[in-house]
Structures are given as C-alpha cells and as structure tokens.
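Residue numbers (the numbering used here): 180 to 538.
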C-alpha cells in the first residue's frame, strides 16, 4: 500500500516537473523559430501573422523531438528533490530495491510513451504539413524542387517530371516519359495540371502526348487524360515534411514505393525504425535519471544535477541526428542506426546505477 502511495506521489512530481521543463523548452524554441521566420517576412504576402501561425503549427513536432529530453530533466529534478528530503533513502532502508524503483519508473513512463507516439504519429505530421502549406501559400512558392527542372520520380516503367507540387499536392507542369519492356521510349506526355482522384488515378488537363511507333512520332492533343499511377498525395507529402516528422504509415508507404522502383530508401528506412524506437527512449531517460537520486547533496547541488541532465539530453538529441546521418553515408543497417543512441544511453544508465550501488 505504501509503495502505491509513493508511486502515485512520484508520478505527480515527475509529470509536473516534465510538463514545466517541456513548456520552458517550447517557449525557447518558439522564440528562436520566430526569429528565424523574420527573414521570410515581406516575401509574397508572408506577414507576421503567417510567421506566428507557422511557429504555432511547428510546436507539435518540437514536442515530439523534445519529449525524451524533458522527461530526463523532469525525472531527474523530481528524484533529486526526493533524495534531498531523504525520502529515497527512507524507502531504500525500508526495503525498496533499485529494480523495484526502476519498475515504478517504467509504469510511470508508459504515459510518456503513449504521448510521444501520439504526437509523432497523429499530431506532428499533419501540423507540419499545415505549417509548410501556410508558409508556401503565403509566399506563392512551390512545395519542392529537387532540380531546376523540378521534381523527378520513377514510377514503374515511367519517369515523371513535375515542375511544381502545390500545397494541396496538386501538380503543375507534368511530363511523363513512358518506356516499354525493352527500355525503349514509347511516349512523352505533357500536361499543364494534375489533380488526384482516388484510388491511384490522376486527372491531367491540357495534355499533349507524343507517341513513338515504328520510328514515327505521332502527336495527340487532349483536353483531359486519366493517368493511373502509384504516386499519391501521401507519397508527395514527403516533400513537405522531413522524414523524422512523417507518420509511420506515410513513411512505410514511401519506403515501399522507393523499393519497388529500385531507388535508395536508406534515409527513410532509418526514420521508420526511429519512429518505433524513439517513444521507448523516454524509459531510457528515466533510468538514466535514477543514479542522480542516489547521490547525496554533498556530491552536487540540485542545479548542477539539472545542468548535467540538460547536457545529457542535448547529447542524446545530437547523437540521434548524427547516427541517422552516418547510417545514410556509410549504409549501416537502419535498425542499428536508429537504436544505437538509445542503446548507448541505456548502457550509461546501467553503468551509473552499478557504480552508485557499489558506493
């Protein structure tokens, strides 16, 4: 019964501290994001209200990125305060083992896992797309241009060139180079605009089609053409959202599309694994915070321990990005690239717990 009361009390302390830390981080990042948006003011119709809207819509993505760091600092702060008041010492003297305390933290952390997953899968991706669409619409710009000629995509036996992908994922300036089974150019279709009509069909308007048969080129003009393609708005939305902020479903579909067309998918496969691993990182952060609670005040003040937590959190965030980049550059197995930062911090937590237990 006493353990249940302690778990409820500890959960309230950790949730409150984590919420406070997360709010502070969000305000800080929102300020810097807003400063960054000032450079776009005056481009097209992009004004202060658009910048504020963009920053606000970017916040769910920030929540997803910062959750493990906030959990680490919040848990560390809550446990350190309990240790300072000798509550942890009393509980350990009463028979509470380190393993039991880790299990308690794990049960408390389930809420954080769920929140991280919900933000990463359901809230951040659509909010990020809405933020990019808001900015691009105000600036009268396009969603993405891989080259000067626009976006190039391989679709089965066809190569598709799209000059503009608009925020609503409609297309402008489309060229479709279709090849036959012998890899010979069969036709070139040019369309002014394209609108998606599910399932797997686009309505192209203002079409000029050049067909090559027996060495003869035949030109056909059509006001409208139905084009069947594996491309869809979910796949094209990859141009508006970085892989780390895409939903698991969209990432999976895009990876499958790239693999079916024999294109490199390393970056997106790593991001796919990170979507599975990242929510569990909050448990690693909570385990890493536990050894600091066992250190007495003479080993350092609360502020020093919190500062150490901030440094560890920043290091974890940097390692996540570093191993993703190294995984792409060196073609490392995507699973290992995604899990290595969390595994390293888990080993660090185990080492610190072993060290404080031996003291």
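Cβ coordinates follow ideal geometry from the N, Cα and C atoms, glycine included. Remember, predicted model here, so these are calculated numbers, not experimental data.
Where are the beta strand (DSSP E) runs, 3 residues long or more, that stay fully inside the stretch 370-406, in chain order?
-> 380-392
Would you call the stretch 269-286 and the stretch 210-225 touching, i.e. three or more CB-CB distances under 8 Å?
-> Because the criterion of three Cβ pairs below 8 Å is not met, the stretch 269-286 and the stretch 210-225 do not touch.
Between residue 262 and residue 467, what straight-line distance do the alpha-carbon atoms span, to the nearest angstrom?
-> In the chain shown, the residue the question calls residue 262 occupies position 83. In the chain shown, the residue the question calls residue 467 occupies position 288. Going by the C-alpha atoms only, they are around 15 Å apart.
Enumerate, from N- to C-terminal direction, the unbroken alpha helix (DSSP H) stretches of 4 or more residues contained entirely within the stretch 456-509.
-> 460-473 and 481-509
Contacts around residue 196, its chain only, beta-carbon distance under 7 Å, and the 5 residues preceding and following it disregarded | Here residue 196 refers to the residue found at position 17 when the chain shown is read from its first residue. Around residue 196: 253, 256 and 257.
Touching by the beta-carbon criterion (3+ pairs, under 8 Å), the stretch 421-428 and the stretch 400-409 = no
Integer-rounded CB distance, given that residue 373 should sit under 8 Å from residue 350 = Numbered from its first residue, the chain shown carries residue 350 at position 171. Numbered from its first residue, the chain shown carries residue 373 at position 194. Rounded, the Cβ-Cβ distance is 4 Å, consistent with contact.
Residue 504 versus residue 513: straight-line alpha-carbon distance, rounded = Counting from 1 along the chain shown, the entry for residue 504 is found at position 325. Counting from 1 along the chain shown, the entry for residue 513 is found at position 334. About 11 Å.
Can you give the Cα-Cα distance for residue 477 and residue 483, rounded to whole angstroms?
-> Numbered from 1 along the chain shown, position 298 holds the residue referred to as residue 477. Numbered from 1 along the chain shown, position 304 holds the residue referred to as residue 483. No answer about residue 477 holds up, because its pLDDT of 47 lies below 50 and its placement is not dependable.
Residue 330 - containing beta strand (DSSP E), residue span = Numbered from 1 along the chain shown, position 151 holds the residue referred to as residue 330. Unbroken beta strand (DSSP E) run through residue 330: 330-334.
Could you tell me the boundaries of the beta strand (DSSP E) in which residue 338 lies?
-> Numbered from 1 along the chain shown, position 159 holds the residue referred to as residue 338. Here the beta strand (DSSP E) through residue 338 covers 337-344.
DSSP state of residue 437 mapped onto helix, strand, coil | Start at 1 with the first residue of the chain shown, and residue 437 comes out as number 258. Correct three-state label for residue 437: helix.
Three-state secondary structure (DSSP) at residue 362?
-> Against the chain shown, residue 362 aligns to sequence position 183. Looking at residue 362 - three-state DSSP - the assignment turns out to be coil, as it is neither helix nor strand.
Hey, is residue 188's beta-carbon within less than 8 Å of any beta-carbon in chain C?
-> Protein chains in the displayed structure number just one, and chain C is not present.
Is residue 356 helix, strand or coil by DSSP?
-> On the chain shown, position 177 is the one that residue 356 refers to. Here residue 356 sits in strand by DSSP.
Can you tell me where the alpha helix (DSSP H) with residue 517 in it begins and where it stops?
-> By 1-based counting over the chain shown, the position of residue 517 is 338. Residues 513-537.
When 286, 337 and 331 are compared against residue 343, the one with the closest alpha-carbon = Within the chain shown, the letter at position 164 stands for residue 343. Of 286, 337 and 331, the residue nearest in Cα terms is 331.
Is residue 227 helix, strand or coil by DSSP?
-> Numbered from its first residue, the chain shown carries residue 227 at position 48. Correct three-state label for residue 227: helix.
Taking the alpha-carbon positions, what's the residue 445 to residue 187 distance?
-> The residue given as residue 445 occupies position 266 in the chain shown. The residue given as residue 187 occupies position 8 in the chain shown. Roughly 43 Å separates the two Cα atoms.
C-beta atoms of residue 404 and residue 386 nearer than 8 Å | In the chain shown, counting from the first residue as 1, residue 404 sits at position 225. In the chain shown, counting from the first residue as 1, residue 386 sits at position 207. Contact: yes.
Write down every uninterrupted run of the alpha helix (DSSP H) in the stretch 206-268 whose length is 4 residues or greater and which is fully enclosed by it, in chain order.
-> 227-263
Mind checking whether residue 495 and residue 287 have CB atoms under 8 Å apart?
-> The residue labelled residue 495 in the question sits at position 316 within the chain shown. The residue labelled residue 287 in the question sits at position 108 within the chain shown. It is not a contact, given that the beta carbons lie outside the stated cut-off.
Host alpha helix (DSSP H) of residue 304 (start-end) = As a working mapping, residue 304 is identified with position 125 in the chain shown. Residue 304 -> alpha helix (DSSP H) spans 303-318.
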